[in-house]
Amino acid sequence: MTEQRKFSRRAFIIPAIIVLISIVNLITGDCSRLTPEMWLMLVVGSLCVGFNEEMINRGQLIVALRSKYGEKGVWLISTAMFAVFHLPNIFFGTDLISLIQVPFAFGMGSVFYLARRTTGTLIAAMATHAIWDFSVFATKSPFMGAVAPFIGIVAVVVVVIQLAREKNRNQQS
81 MTEQRKFSRR AFIIPAIIVL ISIVNLITGD CSRLTPEMWL MLVVGSLCVG FNEEMINRGQ
141 LIVALRSKYG EKGVWLISTA MFAVFHLPNI FFGTDLISLI QVPFAFGMGS VFYLARRTTG
201 TLIAAMATHA IWDFSVFATK SPFMGAVAPF IGIVAVVVVV IQLAREKNRN QQS
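Following this line, the structure appears as structure tokens:
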């Protein structure tokens with residue numbers, strides 16, 4: 081669960097912003113509709129989703145892909161798979177909004193990839209994912225939907241820059 085090849089720690093600013101936005105959303109958002117039982121289910125559900133989706137996409141999948149692809153391919157394929165895994169939501173009540181969710185999930189997958197690559201541990205990606213999901217589902221704030229695509233785009237750009245820097249370092253050594 082630890083990463084041998086880390087990105088610059090400065091790139092962690094993107095996952096840190098996501099965590100900060102999630103906390104602000106929980107503080108300022110309306111959670112009044114949630115009963116204590118709903119809070120408990122939401123906490124457990126968010127932890128389980130964060131753990132499972134990250135274990136598959138930034139854990140097992142990344143390790144398997146590294147045996148065949150370079151790191152750019154690893155990021156693209158694992159993040160695209162994460163995005164595509166959200167398509168079945170169309171069968172669980174999100175209708176055609178799931179089609180919009182795919183590129184959004186690619187951006188968020190890039191945030192979680194940054195969390196893993198900058199800290200060296202999958203636990204950071206799991207925790208970032210869990211707090212994000214918890215915040216989104218606890219408050220249903222339109223703010224999250226407006227900010228997240230922008231952060232996702234920035235995350236993709238930061239990943240591309242970090243991968244290019246890593247490639248240059250490897251070529252020079």
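Here the sequence shown stands for residues 81 to 253, numbered as in the numbering used here. Even for Gly, the Cβ is constructed at its ideal location relative to N, Cα and C. Source: prediction; values computed, not measured.
Of the listed residues the options, nearest to residue i (C-alpha basis)
| i | options | result |
| --- | --- | --- |
| V123 | T219, P229, F214 and Q242 | F214 |
| C128 | A207, F171, E117 and F172 | A207 |
| N250 | E134, G150 and L106 | G150 |
Sub-8 angstroms separation of residue i and residue j beta-carbons
| i | j | result |
| --- | --- | --- |
| S178 | L167 | yes |
| G225 | V191 | no |
| R138 | R89 | no |
| I136 | W212 | no |
| L106 | T219 | yes |
| I101 | V182 | no |
For residue j and residue i, the rounded distance between their alpha carbons
| i | j | result |
| --- | --- | --- |
| H209 | T198 | 15 angstroms |
| I180 | A96 | 24 angstroms |
| F235 | E117 | Sequence check: residue 235 is Ala here, not Phe. The straight-line gap from Cα to Cα measures roughly 35 angstroms. |
| N169 | K247 | 36 angstroms |
| I94 | I241 | 13 angstroms |
Beta-carbon contacts of residue i that lie in its chain and below 6 angstroms, excluding the five residues immediately before and after
| i | result |
| --- | --- |
| I142 | V154 and S158 |
| M188 | G232 |
Problem - Runs of alpha helix (DSSP H) lying entirely within the stretch 160-240, each at least 4 residues, in chain order - result: 177-199 and 202-219
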